[in-house]
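Working notes, structure below.
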Amino acid sequence: MTNLTHLTITEALDALNKKEFSAVEYTKAHIDAAAAAKDLNCYITETPDLALKQAAESDARRASGKAGLIDGVPVAVKDFFCTKGVRTTCASKILGNFVPEYESTVTANMFAQGAVMLGKTNADSYGMGSTTGSSAFGQTYNPWRKTNDPNTKLVPGGSSGGSSAAVAARIAPGALGPDTGGSIRQPAAMCGIAGIKPTYGRCSRYGIIAYASSLDQAGVFARTVEDCAVLLQSIAGHDPKDSTSADKPVPDFRAGIQGGNLKGLKVGIPREYRVEGMPKEIEDSWNKGAQWMKEQGAEIIDVSLPNVKYALPAYYILAPCEASSNLARYDGVRYGVRVEGKDLKETYELSRAQGFEPEVKRRIMIGTYALSAGYYDAYYVKAQKVRRLIRDDYLKALSTCDVLLTPITPSAAFPVGQNEDDPIKMYLEDIFTISLNLAGLPGMTVPTMLNADGLPLGLQIIGRPWDEQTVFRAARGLEIAADFRALPARVQTKMAA
Ligand code: GLN
16 MTNLTHLTIT
26 EALDALNKKE
36 FSAVEYTKAH
46 IDAAAAAKDL
56 NCYITETPDL
66 ALKQAAESDA
76 RRASGKAGLI
86 DGVPVAVKDF
96 FCTKGVRTTC
106 ASKILGNFVP
116 EYESTVTANM
126 FAQGAVMLGK
136 TNADSYGMGS
146 TTGSSAFGQT
156 YNPWRKTNDP
166 NTKLVPGGSS
176 GGSSAAVAAR
186 IAPGALGPDT
196 GGSIRQPAAM
206 CGIAGIKPTY
216 GRCSRYGIIA
226 YASSLDQAGV
236 FARTVEDCAV
246 LLQSIAGHDP
256 KDSTSADKPV
266 PDFRAGIQGG
276 NLKGLKVGIP
286 REYRVEGMPK
296 EIEDSWNKGA
306 QWMKEQGAEI
316 IDVSLPNVKY
326 ALPAYYILAP
336 CEASSNLARY
346 DGVRYGVRVE
356 GKDLKETYEL
366 SRAQGFEPEV
376 KRRIMIGTYA
386 LSAGYYDAYY
396 VKAQKVRRLI
406 RDDYLKALST
416 CDVLLTPITP
426 SAAFPVGQNE
436 DDPIKMYLED
446 IFTISLNLAG
456 LPGMTVPTML
466 NADGLPLGLQ
476 IIGRPWDEQT
486 VFRAARGLEI
496 AADFRALPAR
506 VQTKMAA
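Structure below.
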């Protein structure tokens with residue numbers, strides 16, 4: 016019964032079914048592990064009482080033969096999903112006191128399958144960032160440290176750094192997050208775990224606090240590809256409450272992933288991802304990934320995405336435009352923080368000035384500017400056209416191969432504070448992730464190796480719209496070949512104890 020927190024979700028489900036331990040014991044192990052890892056600041060709000068209550072209910076369901084798909088599995092939920100009766104802040108001061116009256120569809124789906132909620136995780140405020148440093152609730156730290164510099168604290172990536180650090184630190188076996196421009200895939204890579212953003216429309220956005228509605232999509236974090244498939248299965252599906260969720264059947268995501276055989280699979284290597292100045296360790300890890308997939312039976316082909324180089328500027332027009340519109344609702348009247356002014360206008364101004372974090376204000380200003388009369392056609396409309404060209408490029412490339420293999424981050428996790436003085440440098444962190452959100456495609460991070468500093472690196476598998484099954488199959492093949500088993504030193508020490 017030791018080390019329950021080291022089991023994968025599928026291993027734990029198996030053991031729960033065999034009554035090797037109860038959901039209450041399994042949950043308690045994670046609550047205790049979280050209590051011992053407070054220094055990482057993964058959670059904004061922990062919900063241990065709720066978790067234990069849900070775990071006891073899960074044990075009762077299992078005893079009566081009515082267990083759901085993930086019954087008794089504790090999950091950490093990014094604080095962007097509205098959870099009825101549990102404070103939901105979006106990591107911003109302006110929603111610091113917001114307790115939703117309703118449940119997001121994704122969390123409701125997960126609960127209907129028996130999930131237990133451990134708490135609400137930290138992130139960059141409104142999802143705007145790549146380090147979890149812009150949160151109103153303090154920085155989250157990566158459980159990994161450089162082997163030769165163990166005292167320097169590193170970022171966990173972002174925006175969902177609380178979710179990724181929690182799963183990597185073994186204080187949650189799985190986690191949820193929306194991904195607008197890479198917020199699942201980039202932090203997963205920096206923390207050495209797996210994560211998938213499915214096709215836009217695969218999951219409901221109802222009850223997810225909006226950043227950029229045409230890009231936001233819910234997805235999952237876990238330590239293995241198969242665990243991601245199970246978790247995604249539990250949240251996906253059509254929702255009449257969200258007109259952008261697709262009325263399509265959800266396939267069995269685990270079908271076809273056994274064994275990791277990639278025979279017959281065509282894997283495209285998009286040459287434009289070989290960006291100027293790419294660090295050698297990233298390029299080497301990418302080449303290695305292609306070689307591994309080949310060894311598993313895949314055929315590797317060269318493909319081209321000529322317009323993908325415009326993804327970063329297009330995203331940093333479109334996402335702020337949508338954000339400026341979505342965030343107009345925070346006016347000190349209907350939600351969250353209110354700072355009384357001498358009249359209504361001043362109340363709006365003071366509430367927004369004091370409630371929003373600096374990066375959120377920057378993006379609202381960029382978006383408002385780009386949408387204003389006179390600039391709308393030059394910026395917003397042009398970026399929308401570029402977005403279409405990028406999607407067309409991907410669909411064309413994916414008509415000649417089944418999936419694409421690319422790097423996921425331009426570097427391993429970096430020290431807290433680095434890049435913070437330069438927003439453009441920070442935006443470059445998203446270079447390999449955001450084009451998928453513009454194109455609406457599924458993308459998955461697979462952890463593959465450690466770099467020379469002992470930090471994890473991952474690779475990205477990109478699939479056709481609605482073809483998460485093939486993404487999972489390809490990712491499983493890569494996972495088997497890479498055989499990544501390294502653990503952060505702090506987790507290793509606990510295991511040995
Ligand atoms: N780094 C991206 C941004 O700042 C992350 C977006 C996201 O997926 N929330 O916009």
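Everything in the sequence shown is counted per the working numbering, starting at 16 for the first residue and increasing by one. Virtual Cβ for every residue (Gly too), placed ideally from N, Cα, C. On a predicted model such as this, the values are computed, not experimentally measured, just so you know.
- Summarising the contact set, residues whose Cβ lies nearer than 6 angstroms to any heavy atom of ligand 1 are, in chain order, 142, 143, 144, 145, 174, 194, 195, 196, 197, 198, 226, 334, 445.
- Listed in chain order, the non-local C-beta contacts of residue 157 below 7 angstroms within the same chain comprise 169, 170, 171, 180, 205, 206, 428, local neighbours out to five positions each way being set aside.
- In the DSSP assignment, residue 295 falls within the unbroken alpha helix (DSSP H) covering 295-310.
- With a threshold of 16 other beta carbon atoms within 10 Å, residue 66 meets it and is buried.
- Each residue's CA atom was taken as its position, placing residue 421 and residue 300 some 10 angstroms apart.
- Here residue 428 carries a coil assignment [DSSP, helix/strand/coil].
- The shortest CA-to-CA distance from residue 52 to any of 159, 286, 472 is the one to 159.
- Counting only the Cα atoms, residue 476 lies some 15 angstroms from residue 268.
- Residue state for residue 103 is assigned as coil, using DSSP reduced to three classes.
- Counting along the chain, no alpha helix (DSSP H) covers residue 189; the unbroken beta strand (DSSP E) around it starts and ends at 189-194.
- Around residue 481, the same chain offers 214 as residues with beta carbons nearer than 6 angstroms, after the five sequence neighbours per side are excluded.
- Where residue 245 is concerned, there is no enclosing beta strand (DSSP E), although the alpha helix (DSSP H) around it starts and stops at 240-250.
- In the three-state reduction of the DSSP assignment, residue 413 falls in the coil class, being assigned neither a helical nor a strand state.
- Here residue 290 is not bridged, per DSSP, to any residue.
- For residue 58, the three-state secondary structure derived from DSSP is strand.
- One thing to note: residue 70 has its Cβ no nearer than 8 angstroms to the Cβ of residue 83.
- Here residue 56 has 137, 152, 153, 154, 155, 156, 177 as same chain residues with Cβ atoms under 8 angstroms from its own Cβ, once five neighbours each way along the sequence are excluded.
- Taking a cut-off of 8 angstroms for Cβ pairs, the region 272-282 and the region 220-233 do not touch, as fewer than three such pairs fall below it.
- Counting of Cβ neighbours within 10 angstroms places residue 285 among the buried residues, the total reaching 16 or more.
- Secondary structure in the region 358-416: the alpha helix (DSSP H) runs of 4 residues or longer, each lying completely within the stretch, are 359-370, 373-386, 397-412 in chain order.
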